[in-house]
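Student:
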Amino acid sequence: MSERLEKLRPDHDLQCYFERPSAIAAISNASPSGFMVSGTWRQQFDWAVVEWNRDNVIEHPLFRNLPDGDLSGLRLSYCERRENCIPLDSTLYPAVDWPYLRIWAEDGGQESLYRVRIADYATPAAGEYAAAEAVFTLSGAPTPGDYVGLAWPGEHHTYQVNGGDTLESIAQAIVASINAFSTQVSAARQGTEIRLMYCAGSGGGENRTGHNGNRFGAYGYVSGAKTEQWVEWTKRFEGGTSPSVWKVELDFSGLSDIDGRRVPTHAVRKMRWTYAADWQRGEFERTEFCVEITNWAVTGSGRSYQVAGPGSRRLEDDSSQVHYSGEWVEEEGNYSGGTIRKCRAPGGRVRVEFETAEEVKLFAGSRITPDGALAAFWVDGVQRGVHDCRRPGEDTLVRIPLGSVSAGRHEVEIRHDGGAGSVLWFDFLELAKPSETLPVLRTHPVLALATDWDTDHSLAVAPERTAWMIHSLGFGGRVNHYAGAMWFYELERHGHAYATIELSFVGTPAPNTVPEIRIGRAGRPEAESTVLSHLVHVGDTGETVARAFEIQINSGFTGIRAEVDRSLLRIISRSMGA
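Going from the sequence shown to the numbering used here is simple: count from 1 and add 25.
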């Protein structure tokens with residue numbers, strides 16, 4: 026029975042890529058209703074992506090869908106669970122684009138990148154929110170005139186002890202100040218114990234800070250006779266949790282990006298879901314991760330793909346029907362027919378003459394690269410458009426649609442319309458007779474082929490997809506799977522050290538002064554630096570000021586982390602290398 030290909034089907038239409046060489050990731054357990062992405066993180070900025078791409082370069086040409094980037098009639102829903110990845114509702118700065126579904130789409134002939142915040146389309150499906158907490162206990166004996174308080178980034182709540190105060194009344198006064206004025210923390214008292222609950226951004230509504238509060242910290246201080254003491258004077262907030270499973274619902278007819286732009290989902294070239302290594306407090310330790318996608322369902326119209334059906338043909342770059350003018354160079358490789366031609370000179374042309382007995386759709390086989398040229402297309406002397414083949418950071422084969430022609434003799438011309446040094450690639454001209462059903466090939470029970478898990482044709486796709494391809498091509502013999510070093514290796518750091526700087530806070534801090542730390546990249550203008558500051562209050566010491574900066578840095582900075590040894594602040598880069 027012949028099959029049909031469908032858009033966004035996990036076991037046929039998605040790929041997985043990852044940060045190399047530090048990470049490793051694979052898509053597996055793929056079926057029409059879900060899949061899993063798993064692997065290893067080895068440094069803080071590792072990532073893995075699941076990609077849908079209009080330009081299929083994976084399957085055999087018989088099963089390779091024709092380019093179709095119209096997703097506007099589709100609705101996608103799925104449930105997602107992450108382990109050792111930055112959570113979907115994290116408030117961390119996206120040093121890696123983990124919060125977004127990135128969509129490369131064309132509008133008015135110009136391609137743009139649209140970032141759609143997935144959390145805006147997600148609802149909790151399992152698990153609950155719990156606020157992170159920290160408990161401070163006041164001990165000792167009150168001395169009138171002493172100052173006692175608690176502080177965290179941007180706030181301090183101080184109480185001056187009066188005659189007749191008890192430890193309980195001092196604690197209650199601090200709690201009252203917090204609940205009246207704090208925008209980040211709420212508080213409750215039991216005896217001399219103060220329980221702080223992280224609530225930044227809640228605005229008095231439901232507290233959905235969850236796991237984000239676990240990065241927060243606070244410290245206590247005392248000045249004067251100092252007969253009062255905090256049992257533990259500094260604490261990291263703990264116990265914050267967020268939903269463990271999220272349901273995501275994406276209606277491609279009405280997606281908007283983070284800038285409020287409507288996404289032109291009728292002309293999508295590529296989409297990427299990104300998963301990144303979870304934030305670690307200390308030096309990054311190797312960790313395994315997993316993303317489990319279940320209940321994947323695609324509904325709506327326009328989901329079926331077409332393939333180049335029976336009667337389709339390709340005129341390869343070395344065909345006698347292909348004529349070149351200008352300087353064209355032939356290259357061998359994994360191209361249609363084994364070769365491709367390239368031209369770096371503006372004005373270079375390729376002309377293809379052909380005859381067809383019936384209507385066909387035309388596709389020019391080309392390549393998009395960081396130095397790609399503008400390609401202008403004519404069919405029978407009528408211009409059919411200009412395509413920009415330049416894509417920074419990309420190098421992939423594409424089929425550029427040129428529309429349809431009726432039965433008869435025709436001529437297609439492709440011209441290099443780019444600047445000097447830009448490259449125009451020509452692989453083939455395809456005359457496609459679209460079909461929604463796949464061909465059924467004869468089975469060869471003793472023939473097989475080998476796979477190479479060191480290349481993206483196997484490494485990037487689900488094993489279920491590879492098995493389907495082998496079966497669909499009619500190979501029934503035993504298969505040799507080559508699992509190479511790219512798959513089964515382990516990396517270890519030897520002699521590595523993260524870039525570090527140490528700052529000592531000496532002397533007695535003067536209340537109401539504001540020490541600053543400027544952090545930037547070597548060789549970059551000072552205006553690009555990030556400025557950290559702390560308002561010194563009564564009771565601060567060199568040690569508490571160092572702690573204040575440490576809490577501020579470790580509350581959410583993604584590029585650096587901090588450690589404290591008394592009044593010594595150590596700032597450490599999270600990036601590997603010099």
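Every residue, glycine too, gets a C-beta built ideally from N, C-alpha and C.
Just to confirm the assignment, what range does the alpha helix (DSSP H) spanning W493 have?
Tutor: Counting along the chain, the alpha helix (DSSP H) containing W493 begins and ends at 488-497.
Student: Does the segment 238-257 come within contact of the segment 60-72, defined as at least 3 CB pairs closer than 8 Å?
Tutor: The segment 238-257, when compared against the segment 60-72, does not touch it at the 8 Å Cβ threshold.
Student: Could you work out which residue in L484, H182, L498 is closest to P464 when comparing CA atoms only?
Tutor: If we check each option's Cα against that of P464, L498 comes out closest.
Student: Within the same chain, show all residues whose beta-carbon is closer than 6 Å to that of R392, passing over the 5 residues directly before and after it, in chain order.
Tutor: Around R392: L422, W450.
Student: Using CA coordinates, which residue listed in Y523, T217, G564, V377 is at the minimum distance from T533?
Tutor: Taking only the C-alpha atoms, the option nearest T533 is G564.
Student: Figure out for me which residue from S267, S269, S554, T312 has the closest Cα to the Cα of A48.
Tutor: That would be T312, whose Cα lies nearest to the Cα of A48.
Student: Might you give, ordered along the chain, the residues of its own chain that have their beta carbon closer than 8 Å to the beta carbon of V504, omitting 5 neighbours on each side?
Tutor: A473, L474, A475, T476, I495.
Student: When you compare the segment 99-107 with the segment 305-323, are there three or more beta-carbon pairs, one atom per stretch, that lie closer than 8 Å?
Tutor: The answer is yes - the segment 305-323 touches the segment 99-107, with three or more Cβ pairs under 8 Å.
Student: Quick check on this structure: which residue in Q197, E257, Q185 has the alpha carbon closest to the alpha carbon of V250?
Tutor: Looking at the sequence itself, residue 250 is Ala, so the reference to Val does not match. Of the candidates Q197, E257, Q185, the one whose C-alpha sits nearest the C-alpha of A250 is Q185.
Student: Going along the chain, which residues of its own chain have a beta-carbon closer than 6 Å to the beta-carbon of A196, five neighbours each way excluded?
Tutor: Result list for A196: L163, R214, T217, I219, in chain order.
Student: I'd like to confirm the pairing. Which residues does DSSP put opposite S505 in its beta bridges?
Tutor: Sequence inspection shows Asn at residue 505; the Ser mentioned does not correspond to that position. Looking at the DSSP assignment, N505 forms a beta bridge with A475.
Student: Taking only runs that begin and end inside the segment 266-353, name each unbroken beta strand (DSSP E) of 3 or more residues, in chain order.
Tutor: The segment 266-353 contains these whole beta strand (DSSP E) runs: 270-276, 293-301, 312-325, 338-341, 347-350.
Student: Would you check if the segment 542-553 and the segment 78-85 touch, i.e. whether three or more CB-CB distances between them fall below 8 Å?
Tutor: The segment 78-85 vs the segment 542-553: no contact.
Student: Which whole-angstrom value describes the C-beta separation of G265 and G238, a residue pair presumed to lie in contact below a C-beta threshold of 8 Å?
Tutor: 4 Å between Cβ atoms; contact.
Student: Taking 8 Å as the cut-off, decide whether the C-beta atoms of L192 and P169 are in contact.
Tutor: Cβ atoms of L192 and P169: not closer than 8 Å.
Student: Go ahead and label A333 buried or exposed: buried means 16 or more other beta carbons lie within 10 angstroms of its beta carbon, across all protein chains shown.
Tutor: By the neighbour-count rule (16 or more Cβ atoms within 10 Å), A333 is buried.
Student: Identify which residue in H519, H412, T566, A401 has its Cα closest to the Cα of G537.
Tutor: For clarity, residue 537 is Asn in the given sequence; the question names Gly instead. Out of H519, H412, T566, A401, T566 has the C-alpha closest to the C-alpha of N537.
Student: So does V121 have its beta carbon nearer than 7 Å to some heavy atom of the ligand SAM?
Tutor: The ligand SAM is not part of this structure, which contains no ligands at all.
Student: What number of angstroms, rounded off, separates the C-alpha of Q135 from the C-alpha of E438?
Tutor: The alpha-carbon atoms of Q135 and E438 are separated by roughly 22 Å.
Student: Going straight from the alpha carbon of D290 to that of V74, what length do you get?
Tutor: Sequence inspection shows Thr at residue 290; the Asp mentioned does not correspond to that position. Cα-Cα distance, rounded: 20 Å.
Student: How many angstroms separate the CA atom of P149 from the CA atom of R424?
Tutor: Cα to Cα, the separation comes out at about 40 Å.
Student: If you follow the beta strand (DSSP E) that R376 is in, where does it begin and where does it stop?
Tutor: Counting along the chain, the beta strand (DSSP E) containing R376 begins and ends at 374-381.
Student: Is the beta carbon of W77 sitting closer than 8 Å to the one on F161?
Tutor: No, these two residues do not count as a Cβ contact at 8 Å.
Student: Could you check what DSSP says for N54 in three-state terms: helix, strand or coil?
Tutor: If DSSP states are grouped into helix, strand and coil, N54 belongs with the strands.
Student: When you compare each of E131, A401, D481 to H412 by their alpha carbons, which one comes out closest?
Tutor: For the residues E131, A401, D481, the minimum Cα distance to H412 belongs to A401.
Student: Counting only runs of 3+ residues fully inside the segment 107-181, write out the beta strand (DSSP E) ranges in chain order.
Tutor: Here the runs fully enclosed are 125-132, 135-142, 147-151, 158-165, 172-177.
Student: Give the secondary structure of S598 by DSSP, where H, G and I count as helix, E and B as strand, and everything else as coil.
Tutor: In the structure shown, S598 sits in a strand (DSSP, three-state: E or B).
Student: Given this structure, state the Cα-to-Cα distance separating F262 from Y125, to the nearest angstrom.
Tutor: Distance between the alpha carbons of F262 and Y125 is about 27 Å.
Student: Between the beta-carbon of V531 and the beta-carbon of L560, is there less than 8 Å?
Tutor: Cβ distance not < 8 Å, so V531 and L560 don't count as in contact.
Student: Three or more C-beta pairs closer than 8 Å, one from the segment 359-369 and one from the segment 334-343: is that the case here?
Tutor: In short, these stretches touch, since the Cβ pair count reaches three.
Student: Within the same chain, show all residues whose beta-carbon is closer than 7 Å to that of A147, passing over the 5 residues directly before and after it, in chain order.
Tutor: The residues are L113, W271, K272, V273.
Student: Answer with buried or exposed for V430, where buried requires no fewer than 16 other C-beta atoms within 10 angstroms of its C-beta.
Tutor: So V430 counts as buried.
Student: From I596, L454, S56, pick the residue whose C-alpha is nearest to that of V385; which is it?
Tutor: The shortest C-alpha separation from V385 is found at L454.
Student: So, does the segment 29-47 touch the segment 274-285, judging by three or more C-beta pairs under 8 Å?
Tutor: In short, these stretches do not touch, since the Cβ pair count stays below three.
Student: In angstroms with no decimal places, state the Cα-to-Cα distance between P268 and A151.
Tutor: C-alpha separation (whole angstroms): 6 Å.
Student: Taking 7 Å as the limit between beta carbons, can you name the residues of its chain near S97, skipping five residues before and five after?
Tutor: Hits under 7 Å: F277, S278, T290, H291.
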